[in-house]
Amino acid sequence: MRRLKRKYMNDFPILNRKINGKDLIYLDSAATSQKPVQVIDAVTDYYKNHNANVHRGVHTLGDESTELYEAARKRVASFIGAVTPSEIVFTNNATDSLNLVAQGWGLINLKKGDVVLTTVAEHNSNVLPWEYICERTGSGVEYMELTDEGLLDMDVFKSKLTDKVKVVVLSHASNVLGTILPVKQISELAKEKGALVVIDGSQAVPHIQVNVQSLGCDFYAFSGHKMLGPMGIGVLWGRRELLSNMIPIRFGGGMVLDVDKKTYELAEVPECFEGGTPDVAGAVGLAAAIDYLDDYGMENVRKHEIELTSYAIEKLRTVKGLWILGPHNPDVRTGLISFVIDGIHSHDVASILDSEGIAVRSGMHCAMNLHKNMQISSSTRASFYIYNTLEDIDKLLAGIEKAVGLLK
Amino acid sequence: MDDNLYREELMEVYKSTKNRGTLVSPSVEVLEKNPLCGDQIKLQFEISEDGIITDAKFDGSACAVSVISSAYLMDNLVGKSIEHAKKLTKEDLMGLIGINLTTSRVKCATLALEGLKNAIGKYENGKSNTENKNKNR
Ligand SMILES: Cc1ncc(COP(=O)(O)O)c(C=O)c1O
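If you're matching them up, the sequences are chains A and B in order.
Numbered per my numbering, the first sequence spans residues 1 to 408.
Numbered per my numbering, the second sequence spans residues 409 to 545.
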């Protein structure tokens, strides 16, 4: 198993870098993952050998490019268990996907008095699109609190799930607490009330096996760059019948069949949502990332991260004054740990770790509501992926101890 | 310049209480926030009739860069005129601290400087309002 992991680690060229004279220890994969050479090569190969615009023109390269783009769509569809590839809309990132649902579905379906139900733990990208639509439609966002441990109390959810709730918007896994929400159970309850379920899967798809059909949700959004893929490509999955009744939000070339002065005929789903030249190289790179994850095995990704997370929780707990956010049970959380050290600002922890070559995130991680709710001004986050090792966590601990020594 | 922000002499400034705390009767105070990192510092100034800063203190929860730059700035301002304070630039402040900051931390260092500019604006606004009122009378 060790040797196998080494083989995978060697696939990430950036891990050979020195940072401030030390070996890079990359613990910021929740912000963006590093890319294996297989993904980098796929993107390069596309530009070297196949580059042309898609769905336009009839020349050979144009056909090749279109085929690669559509093959990538198929690859994504099978990876997350979509019914057909046409349920996959390529976007720029998760933020773009979430805005597409909020505007494309919300603007025509939400009315005055309707409620969008969410939690205080959401990323800004999952909240602001809805706050904007609610303001325009007269509906309102309602925020559920989480338990002290960072879990969603299902009784709270049931009590908040009134007839006014038209859509439930949640992240599958929290980018601060790591909490994995029981999406299947949530979807069943929402269905009974006739509410839609929109899931932000940015922190889930890279780390746990996701099957949108068995989850029972209606929309599912994620970014390619957090799952070994390139930056600039994102995905929105939606149920076919819902996508068919949504309005496009980006008008222009590539999303219409016919234009005749004042009228136009929209292209089919999903092209009607992909106005303008898409990030074909990004889609090709994402498909290569999925191949890579499939080869590694999503069960193995999960196993590896549970091992790292358990070890990290055990180690970090030994630091005096350090407080781990979110649940301590690794079975209900993903491989990221946010923590606060009494009297020390997260930026200082991150700066001192950086001087040791260790990259972590500090600040509020785009989750202002959550930090305000917990009454902390910021936190430090170490997030793990397939290329991290137990030794990385030992170095993290040593770095944290150095920070405490200097600043306390 | 030494790149090490966490070297001993700066850590001493960080932990020092010299310019930290609150003034009994400040002429002006501002609460400066950096929403990106959740930093919040309060700056207070005592200003004499002839426009000299006679005392300055800061307080709040902030990172070492914010704290150290606030401490240097406050220390440097006492005894200076507000005309001098108005002219202080980011470069002056960096020179005072004597460190090279990475781009992501420059914002933390300039928080206090922005606070200073806002405080002067607030002070002068308040003053011209009372002067105007006096004139109108
Ligand atoms: C939970 C969650 N949602 C949404 C996003 C936004 O992702 P992107 O910036 O790729 O659109 C992130 C990433 O920071 C995230 O962690």
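The beta carbon of each residue, even a glycine, is placed where N, CA and C say it ideally should be.
Close Cβ partners of residue i (< 8 Å) along its chain, the five nearest in sequence each way excluded
i                  : result
Gly-234 of chain A : Phe-90, Thr-91, Asn-92, Asn-93, Ala-94, Thr-95, Asp-96, Ser-97, Ala-221, Phe-222, Ser-223, Gly-224
Glu-145 of chain A : Thr-119, Val-120, Val-156, Asn-373
Met-409 of chain B : Here the model assigns Met-409 of chain B a pLDDT of 38, short of 50, so the residue's position is not dependable and the matter cannot be decided.
Leu-519 of chain B : Glu-440, Asn-442, Asp-447, Ile-449, Ala-470, Ser-474, Ser-477, Ser-478
Glu-526 of chain B : For the sequence presented, residue 526 of chain B should be read as Asn rather than Glu. Counting only Cβ-Cβ distances below 8 Å, and skipping sequence neighbours, we find Val-438, Glu-440.
Tyr-311 of chain A : Leu-390, Ile-393
Gly-313 of chain A : Gly is not the amino acid found at residue 313 of chain A; the sequence shown has Ile there. If we look at Ile-313 of chain A and ignore the five residues flanking it on each side, its Cβ neighbours are Ile-324, His-328, Pro-330, Ile-337.
Leu-107 of chain A : Ile-133, Arg-136, Thr-137, Ile-247
Leu-406 of chain A : Ile-352
Asn-20 of chain A  : Asp-354, Ser-355, Glu-356, Gly-357
Rounded C-alpha distance that separates residue i from residue j
i                  : j                  : result
Val-210 of chain A : Gly-81 of chain A  : 8 Å
Ala-367 of chain A : Leu-325 of chain A : 13 Å
Asn-51 of chain A  : Thr-277 of chain A : 12 Å
Thr-305 of chain A : Ser-379 of chain A : Reading off the sequence, residue 305 of chain A comes out as Glu, not Thr. Approximately 21 Å, taken between the alpha carbons.
Leu-117 of chain A : Leu-504 of chain B : 50 Å
Cys-134 of chain A : Leu-110 of chain A : 8 Å
Leu-275 of chain A : Gly-253 of chain A : The sequence as given places Gly at residue 275 of chain A; Leu does not occur at that position. One C-alpha to the other measures close to 6 Å.
Leu-236 of chain A : Leu-181 of chain A : 19 Å
Asn-544 of chain B : Ser-536 of chain B : Low per-residue confidence applies at Asn-544 of chain B: pLDDT is 49, beneath 50, and the placement is therefore not dependable, though the value from the model is reported in the following sentence. Straight-line Cα distance between these residues: approximately 12 Å.
Asn-99 of chain A  : Pro-129 of chain A : 5 Å
Val-421 of chain B : Asn-427 of chain B : 10 Å
Val-280 of chain A : Tyr-296 of chain A : 24 Å
Val-332 of chain A : Ala-472 of chain B : 35 Å
Lys-465 of chain B : Asp-45 of chain A  : 60 Å
Arg-317 of chain A : Val-127 of chain A : 32 Å
Thr-497 of chain B : Gln-452 of chain B : 19 Å
Val-169 of chain A : Gly-140 of chain A : 12 Å
Lys-423 of chain B : Arg-17 of chain A  : 34 Å
Gly-315 of chain A : Leu-397 of chain A : The sequence given here has Lys at residue 315 of chain A, not Gly. Roughly 7 Å between the two C-alpha positions.
Arg-513 of chain B : His-59 of chain A  : 50 Å
Val-256 of chain A : Asn-412 of chain B : 57 Å
Glu-491 of chain B : Asp-114 of chain A : 55 Å
Thr-510 of chain B : Ser-383 of chain A : 22 Å
Ile-40 of chain A  : Lys-48 of chain A  : 12 Å
Leu-603 of chain B : Asp-348 of chain A : Not covered by the structure: residue 603 of chain B. The range shown for chain B is 409 to 545.
Leu-501 of chain B : Asp-483 of chain B : 12 Å
Phe-409 of chain A : Asp-63 of chain A  : Lying before the first or after the last residue shown, residue 409 of chain A is absent from chain A, which here runs from 1 to 408.
Contact set for residue i: own chain, Cβ-Cβ below 6 Å, skip 5 residues either direction
i                  : result
Lys-22 of chain A  : Glu-356, Gly-357
Lys-112 of chain A : Gly-138
Met-1 of chain A   : Here the model assigns Met-1 of chain A a pLDDT of 48, short of 50, so the residue's position is not dependable and the matter cannot be decided.
Arg-240 of chain A : Glu-87
Val-101 of chain A : Val-198, Phe-219
Ala-77 of chain A  : Pro-85, Ile-88
Cys-272 of chain A : Pro-248, Met-255, Leu-266
Ala-190 of chain A : Val-168, Val-197
CA nearest to the CA of residue i, picked from the options
i                  : options                                    : result
Lys-546 of chain B : B:Glu-454, B:Lys-498, B:Val-473, B:Lys-426 : Here chain B comprises residues numbered 409 to 545, so residue 546 of chain B is not present and cannot be evaluated.
Ala-350 of chain A : A:Val-269, A:Phe-12, A:Tyr-26              : A:Tyr-26
Thr-162 of chain A : A:Gly-138, A:Ile-186, A:Lys-193            : A:Lys-193
Asn-175 of chain A : A:Lys-164, A:Ser-202, A:Leu-316, A:Leu-196 : A:Ser-202
Ile-400 of chain A : A:Asn-126, A:Ala-283, A:Lys-226, A:Trp-323 : A:Trp-323
Asp-218 of chain A : A:Leu-196, A:Arg-75, A:Asp-153, A:Met-227  : A:Leu-196
Asp-291 of chain A : A:Leu-61, A:Val-43, A:Phe-79, A:Met-364    : A:Phe-79
Leu-68 of chain A  : A:Gln-185, A:Gly-285, A:Asp-348            : A:Gly-285
Ser-187 of chain A : A:Leu-215, A:Pro-206, A:Leu-266            : A:Leu-215
Ser-171 of chain A : A:Ala-204, A:Lys-184, A:Thr-147, A:Glu-142 : A:Ala-204
Trp-105 of chain A : A:Ile-247, A:Asp-342, A:Met-364            : A:Ile-247
Gly-468 of chain B : B:Ile-461, B:Val-486, B:Gly-429, B:Gly-459 : B:Gly-429
Leu-24 of chain A  : A:Leu-406, A:Ile-376, A:Arg-381, A:Leu-353 : A:Leu-353
Asp-294 of chain A : A:Leu-228, A:Leu-370, A:Asp-41             : A:Leu-228
His-83 of chain A  : A:Met-364, A:Val-212, A:Arg-381            : The question names His, yet the displayed sequence has Val at residue 83 of chain A. Checking every option, the nearest Cα to that of Val-83 of chain A belongs to A:Val-212.
Tyr-531 of chain B : B:Met-482, B:Tyr-414, B:Glu-457, B:Leu-501 : B:Glu-457
Whole-angstrom C-beta distance between residue j and residue i, which should lie under 8 Å
i                  : j                  : result
Ala-30 of chain A  : Arg-361 of chain A : 7 Å
Leu-151 of chain A : Ser-338 of chain A : 15 Å between Cβ atoms; not a contact.
Ile-528 of chain B : Lys-495 of chain B : About 11 Å separates the two Cβ atoms, so there is no contact after all.
Ala-173 of chain A : His-123 of chain A : Contact doesn't hold; Cβ gap of about 11 Å is too wide.
Tyr-387 of chain A : Met-9 of chain A   : 5 Å
Met-231 of chain A : Thr-66 of chain A  : About 23 Å; that fails the 8 Å criterion.
Ala-359 of chain A : Asp-11 of chain A  : Not confirmed; about 19 Å, so no contact.
Ser-346 of chain A : Gly-321 of chain A : Actually they do not touch by this definition, with Cβ atoms about 13 Å apart.
Contacts around residue i, its chain only, beta-carbon distance under 7 Å, and the 5 residues preceding and following it disregarded
i                  : result
Pro-434 of chain B : Gln-452, Phe-453, Glu-454
Heavy atom of ligand 2 within 8 Å of residue i beta-carbon
i                 : result
Asn-10 of chain A : Ligands present in the displayed structure are limited to ligand 1, and ligand 2 is not among them.
Any heavy atom of ligand 1 nearer than 5 Å to the CB - residues listed: A:Asn-93, A:Ala-94, A:Thr-95, A:His-123, A:Ser-125, A:Ser-171, A:Asn-175, A:Asp-200, A:Ser-202, A:Gln-203, A:Ser-223
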